[in-house]
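Residues in the sequence shown are numbered consecutively from 13, following the working numbering.
Glycine included, every Cβ here is placed at the ideal spot set by N, Cα and C.
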Amino acid sequence: MKLGILIISIIFLTGCNKFLNTRPNLKINYFLQKKIIERNLYNWNNLIKEASQKYKVDEKLIKSIIYAESSGNPNAKSSSNAIGLMQIKPSAAGLEVYRLYGKKGQPSIKELYNPKENINIGTAYIHFLEKKFTRIQNKEVMRSAIIVAYVNGMSGLLKIFSKNSKQAITIINTMTMQSFCTYIKKNIQQNKHFLI
Numbered sequence: 013m014k015l016g017i018l019i020i021s022i023i024f025l026t027g028c029n030k031f032l033n034t035r036p037n038l039k040i041n042y043f044l045q046k047k048i049i050e051r052n053l054y055n056w057n058n059l060i061k062e063a064s065q066k067y068k069v070d071e072k073l074i075k076s077i078i079y080a081e082s083s084g085n086p087n088a089k090s091s092s093n094a095i096g097l098m099q100i101k102p103s104a105a106g107l108e109v110y111r112l113y114g115k116k117g118q119p120s121i122k123e124l125y126n127p128k129e130n131i132n133i134g135t136a137y138i139h140f141l142e143k144k145f146t147r148i149q150n151k152e153v154m155r156s157a158i159i160v161a162y163v164n165g166m167s168g169l170l171k172i173f174s175k176n177s178k179q180a181i182t183i184i185n186t187m188t189m190q191s192f193c194t195y196i197k198k199n200i201q202q203n204k205h206f207l208i
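1) Quick test of the definition: if touching needs 3 or more C-beta pairs under 8 Å, does the segment 145-152 touch the segment 113-133?
2) Restricting to Cα atoms, I'd like to know which of S156, N199, G165, I148 is closest to F173.
3) How would you call T188, buried or exposed, if buried means at least 16 neighbouring beta carbons within 10 angstroms?
4) Please classify N164: is it buried, with 16 or more other beta-carbons within 10 angstroms of its beta-carbon, or exposed?
5) Where do the N-terminal and C-terminal ends of the alpha helix (DSSP H) with M166 fall, by residue?
6) Would L73 pass as a contact of I138 if the rule is Cβ separation under 8 Å?
7) Look up L38 in the DSSP assignment and say whether it is helix, strand or coil.
8) Who pairs with I100 in a beta bridge, going by DSSP?
9) In terms of alpha-carbon separation, which member of L169, I159, I184 lies closest to Q99?
10) Do you know offhand how far S83's Cα is from E71's?
11) So, is Y48 buried or exposed, given that buried needs 16 or more other C-beta atoms within 10 angstroms?
12) What is the rounded straight-line gap between the Cα of N126 and the Cα of G96?
13) Specify the secondary structure class of K198 as computed by DSSP and reduced to three states.
14) How long is the line joining the alpha carbons of Y195 and S92, rounded to whole angstroms?
15) Using DSSP with H/G/I as helix, E/B as strand and the rest coil, what is K178?
16) If you draw a straight line from the alpha carbon of K61 to that of I148, how long is it in whole angstroms?
17) Excluding the 5 residues preceding and the 5 following A157 in the sequence, name in chain order all residues of the same chain whose CB lies nearer than 7 Å to its CB.
18) For the candidate residues N85, Q118, N176, whose alpha-carbon lies nearest to that of K101?
19) Measure the CB-CB distance between Y79 and L53 and report whether it falls below 8 Å.
20) Would you mind working out which of S103, T135, Q179, V109 sits nearest Y67, comparing C-alpha positions?
21) Give the straight-line distance between the Cα atoms of A104 and A88, rounded to the nearest whole angstrom.
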């Protein structure tokens with residue numbers, strides 16, 4: 013259930029929502045929830061700005077991920093053990109960020125519930141994904157790929173296109189934003205077994 017909600021949130025955040033058939037009452041509920049979530053996000057603006065500047069990651073992207081992942085709730089925890097504002101899994105994104113910055117182990121649960129640490133680790137992971145996806149030529153598609161990879165893992169995204177990561181990037185480079193969104197929407201549920 014949460015995967016479906018998350019996919020819909022990401023589709024809305026990446027601009028692919030025109031491919032969904034939404035009923036008017038869903039839109040009303042979405043906009044009521046949006047105001048509440050935006051108030052929650054306001055609490056974290058300074059931390060988001062600081063992390064954005066440190067890692068040179070767009071503030072809007074950080075906010076979008078917090079919006080979709082936790083609705084601005086620093087105490088959020090998923091059934092798959094993703095924790096905090098940016099829903100960091102200690103053994104996945106947390107471990108990767110620690111490895112990148114020469115730290116041993118992985119972040120503690122306590123560390124991930126700390127909003128400043130959570131946003132810092134989540135933003136560092138976005139920065140890592142941006143570097144990995146520099147070969148994606150269409151910047152709009154690249155941004156969407158980063159969001160999908162953030163939620164599903166980089167290998168989870170690439171394996172939807174090809175088992176070979178270089179071939180996957182080549183395929184993504186042939187796509188428009190519309191075709192990328194359509195492909196993701198169609199294939200993400202069919203390939204859930206690849207996802208983290």
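Reading it off the structure:
1) With the cut-off at 8 Å, the segment 145-152 and the segment 113-133 do not touch.
2) Sequence index remark: in the sequence shown, residue 173 carries index 161 (1-based). Selected option, being the one with the closest Cα: N199.
3) Locating residue 188 in the sequence shown gives position 176, counting from the first residue. Classification for T188: exposed.
4) Position 152 of the sequence shown, counted from the start, is the residue given in the question as residue 164. When all chains shown are included, N164 counts as buried.
5) For this step, residue 166 is matched to residue 154 along the sequence shown. Run containing M166: 166-173, per the alpha helix (DSSP H) assignment.
6) Against the sequence shown, residue 73 aligns to sequence position 61. Against the sequence shown, residue 138 aligns to sequence position 126. A contact, by the Cβ cut-off of 8 Å.
7) For the purposes of this step, residue 38 is identified with residue 26 of the sequence shown, where counting begins at 1. For L38, the predicted structure reports a pLDDT of 44, less than 50, and the residue's modelled location is therefore unreliable. The matter cannot be settled from this model.
8) Taking the sequence shown and counting its residues from 1, the one referred to as residue 100 is at position 88. Paired residue(s): I95.
9) Working through the sequence shown from its first residue, we reach residue 99 at position 87. Comparing Cα positions, the closest option is I159.
10) Within the sequence shown, residue 83 is the residue found at index 71, counting from 1. Within the sequence shown, residue 71 is the residue found at index 59, counting from 1. Roughly 16 Å between the two C-alpha positions.
11) As a first step, residue 48 must be located in the sequence shown, where it is residue number 36. Note that residue 48 is Ile in the sequence shown, not Tyr. Per the 10 Å Cβ criterion, exposed.
12) Counting from 1 along the sequence shown, the entry for residue 126 is found at position 114. Counting from 1 along the sequence shown, the entry for residue 96 is found at position 84. For N126 and G96, the distance between alpha carbons rounds to 8 Å.
13) Translated into the one-based positions of the sequence shown, residue 198 becomes position 186. Looking at K198 - three-state DSSP - the assignment turns out to be helix.
14) Within the sequence shown, numbered from 1, the residue matching residue 195 stands at position 183. Within the sequence shown, numbered from 1, the residue matching residue 92 stands at position 80. Computed Cα separation, rounded: 25 Å.
15) Numbered from its first residue, the sequence shown carries residue 178 at position 166. Correct three-state label for K178: helix.
16) Locating residue 61 in the sequence shown gives position 49, where the first residue counts as 1. Locating residue 148 in the sequence shown gives position 136, where the first residue counts as 1. C-alpha separation (whole angstroms): 26 Å.
17) Along the sequence shown, one-based indexing puts residue 157 at 145. Taken in chain order, the residues that qualify are F145, I148, L169, I184.
18) The sequence position of residue 101 within the sequence shown is 89, counting from 1. Nearest to K101 by alpha-carbon distance, out of N85, Q118, N176, is Q118.
19) Locating residue 79 in the sequence shown gives position 67, counting from the first residue. Locating residue 53 in the sequence shown gives position 41, counting from the first residue. Closer than 8 Å, so yes.
20) The residue labelled residue 67 in the question sits at position 55 within the sequence shown. Per the Cα distances, T135.
21) On the sequence shown, position 92 is the one that residue 104 refers to. On the sequence shown, position 76 is the one that residue 88 refers to. Between A104 and A88, the C-alpha separation is close to 17 Å.
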